[in-house]
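Q: Residue numbers for the first sequence follow this note's numbering, so the first one is 2 and each next one is one higher. Yeah, the Cβ is synthetic: ideal placement off N, Cα and C, and Gly gets one too.
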Amino acid sequence: MTQSQVRVRIAPSPTGAPHVGTAYIGLFNYVFARVHDGRCVIRIEDTDQARSERRYEEDILRSLRWVGLAWDEGPDVGGAYGPYRQSERLSIYRKHVQQLLDSGAAYRCWCTPERLEAVRQQQRQDKAPLRYDGHCRRLAEAEAKAHGDQPSVVRLKVPEDGGTVVHDAFRDPITIEHGQVDDQVLLKSDGYPTYHLANVVDDHVMEMSHVIRAEEWISSTPKHLMLYHAFGWAPPVFMHMPLLRNADRSKISKRKNPVSLRYYERQGYLPEALLNFLALMGWSMPDEREVFTLDEMIESFSFDRISLGGPVFDLQKLEWLNGMYIRQLSPAALSERLLESTRVKSRLLNDSAYVDAITPLLQERLRTLGDFQDMAAFFYDTPLAYDKAMLLPKGRNPREAVKVLTEVAEVLARHAGPWHDAELEASVRTYVEGAKWPGRDLFMALRIAMTGRTASPPLFATMQVLGRDLCLSRLEDAVALLQKPVKSG
RNA sequence: GGCCCUAUCGUCUAGCGGUCCAGGAUAUCGGCCUCUCACGCCGAAGACACGGGUUCGAGUCCCGUUGGGGCUACCA
2 MTQSQVRVRI APSPTGAPHV GTAYIGLFNY VFARVHDGRC VIRIEDTDQA RSERRYEEDI
62 LRSLRWVGLA WDEGPDVGGA YGPYRQSERL SIYRKHVQQL LDSGAAYRCW CTPERLEAVR
122 QQQRQDKAPL RYDGHCRRLA EAEAKAHGDQ PSVVRLKVPE DGGTVVHDAF RDPITIEHGQ
182 VDDQVLLKSD GYPTYHLANV VDDHVMEMSH VIRAEEWISS TPKHLMLYHA FGWAPPVFMH
242 MPLLRNADRS KISKRKNPVS LRYYERQGYL PEALLNFLAL MGWSMPDERE VFTLDEMIES
302 FSFDRISLGG PVFDLQKLEW LNGMYIRQLS PAALSERLLE STRVKSRLLN DSAYVDAITP
362 LLQERLRTLG DFQDMAAFFY DTPLAYDKAM LLPKGRNPRE AVKVLTEVAE VLARHAGPWH
422 DAELEASVRT YVEGAKWPGR DLFMALRIAM TGRTASPPLF ATMQVLGRDL CLSRLEDAVA
482 LLQKPVKSG
């Protein structure tokens, strides 16, 4: 019994930074392959010579790995169907183009870009559909010969009548009339194939069973189908995923949304959270669970649960999810991530023990690793910079504040180091009983003195981490600030 | 403009003809917890785009309208 193997591909074009949409489509390809014990392939679609760059390819592969995807074949890992870079497969395309030329499924075109633009101009004026006018398609053999080896492209000869039915696994059959389909350029004048040709040839030659790609490709699928037909090949199963959207519902774009995977990495999003979030775009767990691992997704995966409305990429929900993942980490694991995080690394001064002490205080407050930068600032920055007025809870005067803080300093100073939060708290609470300020006010003034902020982790735990010396000196600073005469002029 | 896809709370979604005066999540607001913030817990408000059908019965099926999106390159 020969069960044909599931083979899918992730096909990024290295023309820019690693795109979140690539990870999104890649995720579903990867999961589908895993579910069916198939193979997931990475193929680099670098057929646009002007825009493709090798460094982008490297970044893309790196980011896809970062986010947690893996592949069985690709330019970096090899495989039996290589090469996996389209720029290295030119001879394959040339051979196939010749086949199309020979069979009459395609033809050469010598039209200049200028002429094509003029034709389009006219069509726009006439409010006619913008399509190649078929000039070279109608050329007599002698006329064609006359062009000799002038630069040319090869175009697909789309039938004038009839239509092509696209079978998409997620939708009803889609019929597109041939009158709507342009004589697509298959081979550019620089000898490189266009997406359409390279894609079809490679998907066949690499034995892809399913093509899972974004919805934007639906309208060009008839061209692809015609190519499969012209070559006498059986097409793969097509599945068009919804497009990720900006908040205004346009196709996700870098003008309106961060789209680079590097951005999310730098901000301190956890890759597993990002992937989990992407999984929620157009797909749901059978039990509606929203927080799940990649393996759990694979366990429960089925394309039955895809929904086709284009999902808006909502940063707020991503942040929430990321916070969930941060809280799920063990404190030790979180420290490790923080130390690795490019965003916060510079602050940590390689003092990982200090980070280990701070981490538990901040864990439930962080939404991204990058938040550490700001939230932990007072653990690193000395002296603190804050406004004197912050030390004075609603209407209390400086004289009182000086007294209270001085007394608290004395109470605290009685504790020898190292400090323990429970002991400090007990002493201060005892002091509060006889003090002229209520606990609320005292705690707040103390918090400001210790952190320079109105919001902080629990006071005494924070003081324990800061340590005796730093806390006492910050208290002195606070008192000094209160005593400093108001500068006039 | 033409063609195609799509349509449940602001957002992500559950719902696959009756169990839906539509459920969950997030965001928002209120409360509890509490030394602040956060976490956690409780609660509130918030949607089936519209109009026709089909059916005993429609968020669920069909058609139309409207909205949104994509494609319309020698870019992918």
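#1: Can you tell me the Cα-Cα spacing of F18 and V68, whole angstroms?
#2: Does the beta-carbon of D103 have 16 or more other beta-carbons within 10 angstroms, so that it is buried, or is it exposed?
#3: Work out the CA separation of I177 and S220 for me, nearest whole Å.
#4: Looking at C-alpha atoms only, which residue of A386, H179 and Y108 is the closest neighbour of P130?
#5: Quick one: measure Cβ to Cβ for V155 and A107, integer angstroms, because I've assumed they're closer than 8 Å.
#6: Select from R10, D38 and R267 the residue whose C-alpha is nearest the C-alpha of Y25.
#7: Please state whether the Cβ-Cβ distance between P223 and V182 is less than 8 Å.
#8: Going straight from the alpha carbon of P399 to that of Y355, what length do you get?
#9: Measuring CB to CB, does Q484 end up less than 8 Å from V403?
#10: From P174 to W234, what distance separates their C-alpha atoms?
#11: Where does Y85 fall in DSSP's three states?
#12: Which of helix, strand or coil does DSSP assign to T3?
#13: With distances taken from CA atoms, which of V206, L319 and H197 is nearest W218?
#14: At a cut-off of 7 Å, would you count P419 as near the ligand COA, judging by its Cβ distance to the nearest heavy atom?
#15: Do the CB positions of L262 and V21 come within less than 8 Å of each other?
#16: Quick one: using the 10 Å Cβ neighbour count with 16 as the cut-off for buried, is I381 buried or exposed?
#17: Grab the span of the alpha helix (DSSP H) containing H97 for me, first residue to last.
#18: Taking the Cβ atom as the reference point for each residue, do L65 and G105 lie within a distance shorter than 8 Å?
#19: Assuming L188 and Y94 form a contact by the criterion Cβ under 8 Å, report the distance between their Cβ atoms to the nearest whole angstrom.
#20: Here's a check: name, in chain order, each residue in its chain whose Cβ is nearer than 6 Å to the Cβ of G490, leaving out the five neighbours to either side.
#21: Which same chain residues end up closer than 6 Å to M391 when comparing Cβ atoms and leaving out the 5 residues on each side of it in sequence?
#22: Check whether the Cβ atoms of Q364 and R328 lie closer than 8 Å to each other.
#23: Buried or exposed: L476, going by 16 or more other Cβ atoms within 10 Å of its Cβ?
#24: Quickly, what does DSSP pair H20 with across the bridge? List them, please.
#25: Would you give the residue range spanned by the beta strand (DSSP E) that F380 belongs to?
#26: For the alpha helix (DSSP H) that F232 lies in, which residues bound it at each end?
#27: Write down the C-beta distance between P370 and L339 rounded to the nearest angstrom, noting that I regard them as a contact closer than 8 Å.
#28: Tell me the residue span of the beta strand (DSSP E) that contains V154.
#29: Can you tell me whether G75 is buried or exposed, with buried defined as 16 or more other CB within 10 angstroms of its CB?
#30: Within 10 angstroms of its Cβ, does T3 collect 16 or more other Cβ (buried), or is it exposed?
#31: Less than 8 Å between the C-beta atoms of R397 and G311, yes or no?
#32: Taking only the alpha-carbon atoms, compute the straight-line gap between Q99 and S92 and give it to the nearest angstrom.
#33: Only counting runs of 4 or more residues, tell me where the alpha helix (DSSP H) segments fall wholly within the stretch 117 to 191, in order along the chain.
#34: Between the alpha carbons of H225 and F171, how many angstroms are there, rounded?
#35: Would you call L309 buried or exposed, if buried means 16 or more other Cβ atoms sit within 10 Å of its Cβ?
#36: Could you tell me the distance, in whole angstroms, from the CA atom of M209 to the CA atom of L244?
A: Concretely, from the data shown:
#1: Here the sequence assigns Ala to residue 18, which means Phe is not the residue at that position. A18 and V68: Cα-Cα distance of roughly 14 Å.
#2: exposed
#3: 8 Å
#4: H179
#5: 5 Å
#6: R10
#7: yes
#8: 34 Å
#9: yes
#10: 20 Å
#11: coil
#12: Caution applies to T3, whose pLDDT of 46 falls short of 50 and renders its modelled position unreliable; the model cannot decide the point.
#13: H197
#14: This structure does not include the ligand COA; it has no bound ligands of any sort.
#15: yes
#16: According to the sequence shown, residue 381 is Tyr rather than Ile. Exposed is the call here.
#17: L91 to S104
#18: no
#19: 7 Å
#20: Because G490 carries a pLDDT of 37, less than 50, the predicted location of this residue cannot be relied on, and the following value inherits that uncertainty. None.
#21: I449
#22: yes
#23: buried
#24: S261
#25: That residue, F380, is in no beta strand (DSSP E); its alpha helix (DSSP H) goes A378 to Y381.
#26: T222 to F232
#27: One point to set straight first is that residue 370 is Leu, not Pro, in the sequence displayed. Their Cβ separation, rounded to whole angstroms, is 6 Å, which keeps L370 and L339 in contact under 8 Å.
#28: V154 to L157
#29: buried
#30: For T3, the predicted structure reports a pLDDT of 46, less than 50, and the residue's modelled location is therefore unreliable. The matter cannot be settled from this model.
#31: no
#32: 11 Å
#33: 142 to 147
#34: 18 Å
#35: exposed
#36: 22 Å
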